[in-house]
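For any residue, its number in our numbering is found by taking its place in the sequence shown, counting from 1, and adding 170.
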Amino acid sequence: MVMTPRKIWQSFRTVVVVTIVAGLVWLYAESENVRSHALDVEVQFVAPTDRPLEIKPSDPVRVRVIMRSAAGKFAEVERQIRNGPVRVIVRDKADGKSQQLISLREQLASAAPLSALGVNITEVQPSMLEVSVEPLQKISLDVVVATNGVQLAGPAVVDQKQITVDVPASMVKSLNGAQAVARLDEKTLSQLEVNVPHQVDAAIELPEPLRDTNYTPSASRVKVTLTVRKQTDTFVVPYAVPVLVQGPPTELATYSVVFSEETRFLRDVALTGPSDVIDRIRKGDIKVVAYVPLTVDELERAAGKDAVTSVPIISLPAGVTPVESPAPVSYKILKREKS
């Protein structure tokens with residue numbers, strides 16, 4: 171029997187449709203075919219939301235998971251795992267022991283996303299992992315201001331006098347009396363106008379045991395109100411500065427140094443230096459004196475001669491200097507008569 175072109179086309183179309191349907195049926199069956207699969211999974215141990223805990227290791231741990239699932243579900247598992255580590259919730263035990271052995275097969279089977287996908291975990295390599303679990307306790311730290319040597323006109327005021335931070339219970343005792351530091355940048359302070367109140371932003375620095383850790387304070391920055399004092403100051407000594415003699419004691423017992431009446435004291439001595447040191451001079455905590463240093467030779471050479479002149483040295487704290495060099499003073503050196 172000769173087939174017409176129409177019948178040939180219909181037969182061809184039927185064959186194509188049957189082939190496509192058979193292929194789809196095979197693909198579906200293949201996707202539902204349960205097999206064993208191996209997958210590297212990152213696991214991260216986390217605390218429950220209602221219980222602050224420190225858990226170590228805190229970084230994700232890579233394990234190998236052997237599971238049985240249909241190919242289609244395994245493909246979905248692979249896709250979900252790429253979204254990030256599987257989070258395993260760990261709780262502290264009532265007996266207070268910090269070390270725990272975690273059964274990974276049991277925990278991963280109940281953890282999202284694996285639990286929702288219905289895969290059968292048959293093995294995890296390694297099967298157990300040891301974790302350290304310790305309750306966190308909230309402590310308060312006083313905030314102090316560090317100005318890196320920049321002098322302030324009065325104490326700095328912090329908008330938060332205390333901050334809190336959750337730390338392991340085992341560290342609480344060692345942190346008794348510890349302080350958080352609001353450290354001010356020296357460069358920032360140097361750019362502020364002196365003797366004018368300012369509010370600046372300062373980073374919080376935790377005490378040494380908590381630095382370079384994951385312990386997060388309740389505030390990482392604070393506002394500090396302060397006034398930068400003028401770093402140097404000038405002051406005119408309000409009293410006459412006495413001029414003394416400095417020399418070998420035994421020789422000074424032999425010679426008498428007599429200053430002229432008008433040069434026994436230095437008047438209107440102007441000083442400049444660090445503000446805090448000038449303040450101490452201004453308050454009288456530091457007395458200003460001048461002296462003329464004389465050696466044995468100088469005493470012997472000038473003894474009995476007419477008046478000698480020299481520039482006195484003003485005795486001052488480090489960093490403080492006279493605005494002008496003092497004027498020369500006049501004196502006579504007389505040899506004492508032996509009694």
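Backbone N, C-alpha and C define an ideal beta-carbon position, used for all residues, glycine too.
Please specify which runs of the alpha helix (DSSP H), each continuous and at least 4 residues long, are wholly inside the stretch 396-458, giving them in chain order.
419-422, 445-453
Proximity winner among 312, 210, 267, relative to residue 278 (alpha-carbon distances)
As a first step, residue 278 must be located in the sequence shown, where it is residue number 108. The shortest C-alpha separation from residue 278 is found at 210.
Inter-residue spacing [alpha-carbon to alpha-carbon] between residue 365 and residue 393
By 1-based counting over the sequence shown, the position of residue 365 is 195. By 1-based counting over the sequence shown, the position of residue 393 is 223. Distance between the alpha carbons of residue 365 and residue 393: 19 Å.
What are the start and end residues of the beta strand (DSSP E) that includes residue 285?
In the sequence shown, residue 285 corresponds to position 115, counting from 1. That residue, residue 285, is in no beta strand (DSSP E); its alpha helix (DSSP H) goes 284-287.
On the DSSP bridge list, what partners appear for residue 290?
The count along the sequence shown starts at 1 and reaches residue 290 at position 120. 238.
Closer than 7 Å to chain C by CB, residue 447
Absent from the structure: chain C. Only one protein chain is present.
DSSP three-state label for residue 219, please.
If you number the sequence shown from 1, residue 219 lands on position 49. Residue 219 falls in the coil class under three-state DSSP.
Please report the straight-line C-alpha distance between residue 411 and residue 362, rounded to a whole angstrom.
Position 241 of the sequence shown, counting from 1, holds the residue named residue 411. Position 192 of the sequence shown, counting from 1, holds the residue named residue 362. The alpha-carbon atoms of residue 411 and residue 362 are separated by roughly 36 Å.
If you check the beta carbons only, do residue 445 and residue 504 fall under 7 Å apart?
For the purposes of this step, residue 445 is taken as the residue at position 275 of the sequence shown. For the purposes of this step, residue 504 is taken as the residue at position 334 of the sequence shown. No, Cβ-Cβ distance for residue 445 and residue 504 is not below 7 Å.
So the beta strand (DSSP E) residue 369 belongs to, where does it begin and stop?
Numbered from 1 along the sequence shown, position 199 holds the residue referred to as residue 369. Where residue 369 is concerned, the enclosing beta strand (DSSP E) stretches over 367-375.
Checking 7 Å against the spacing of the C-beta atoms, do residue 345 and residue 417 come in under that value?
To locate residue 345, count along the sequence shown from 1; it is residue 175. To locate residue 417, count along the sequence shown from 1; it is residue 247. No, they are not a contact pair.
Pair within 7 Å by beta-carbon distance, residue 387 and residue 335
On the sequence shown, position 217 is the one that residue 387 refers to. On the sequence shown, position 165 is the one that residue 335 refers to. A contact, by the Cβ cut-off of 7 Å.
Looking only at C-alpha atoms, which of 273, 312, 275 sits nearest to residue 328?
For this step, residue 328 is matched to residue 158 along the sequence shown. Checked all of 273, 312, 275; the closest Cα to residue 328 is 312.
Residue 501 bridges to which residues according to DSSP?
The count along the sequence shown starts at 1 and reaches residue 501 at position 331. DSSP output for residue 501 lists 429, 478 as bridge partner(s).
Any chance you could list the alpha helix (DSSP H) runs of at least 4 consecutive residues sitting entirely within the stretch 252-321, in chain order?
274-279, 284-287
Going by DSSP, what residue range makes up the beta strand (DSSP E) through residue 340?
Here residue 340 is taken as the residue at index 170 of the sequence shown, counted from 1. Element bounds for residue 340: n/a, residue is neither H nor E.
May I ask you to verify whether the stretch 292-309 touches the stretch 218-235, counting CB pairs closer than 8 Å and requiring at least 3?
yes
Does the Cβ of residue 482 have 16 or more other Cβ atoms within 10 Å, making it buried, or fewer, making it exposed?
Along the sequence shown, read from residue 1 onward, the residue named residue 482 stands at position 312. Buried.
Rounded to a whole number of angstroms, what is the C-alpha to C-alpha distance between residue 199 and residue 212?
By 1-based counting over the sequence shown, the position of residue 199 is 29. By 1-based counting over the sequence shown, the position of residue 212 is 42. Model confidence at residue 199 stands at a pLDDT of 42, short of 50, so the residue's coordinates are unreliable and nothing is read from them.
Thinking C-beta only, is residue 225 closer than 7 Å to residue 301?
Here residue 301 refers to the residue found at position 131 of the sequence shown. Here residue 225 refers to the residue found at position 55 of the sequence shown. Contact: yes.
Checking the sheet assignment: what are the DSSP bridge partners for residue 332?
Numbered from its first residue, the sequence shown carries residue 332 at position 162. 312.
I want to know whether the stretch 428-443 touches the stretch 375-389 - three or more CB-CB distances under 8 Å.
no
For residue 485, report the span of its beta strand (DSSP E) as first-last.
Your numbering for residue 485 matches position 315 in the sequence shown. That run of the beta strand (DSSP E) goes 483-485.
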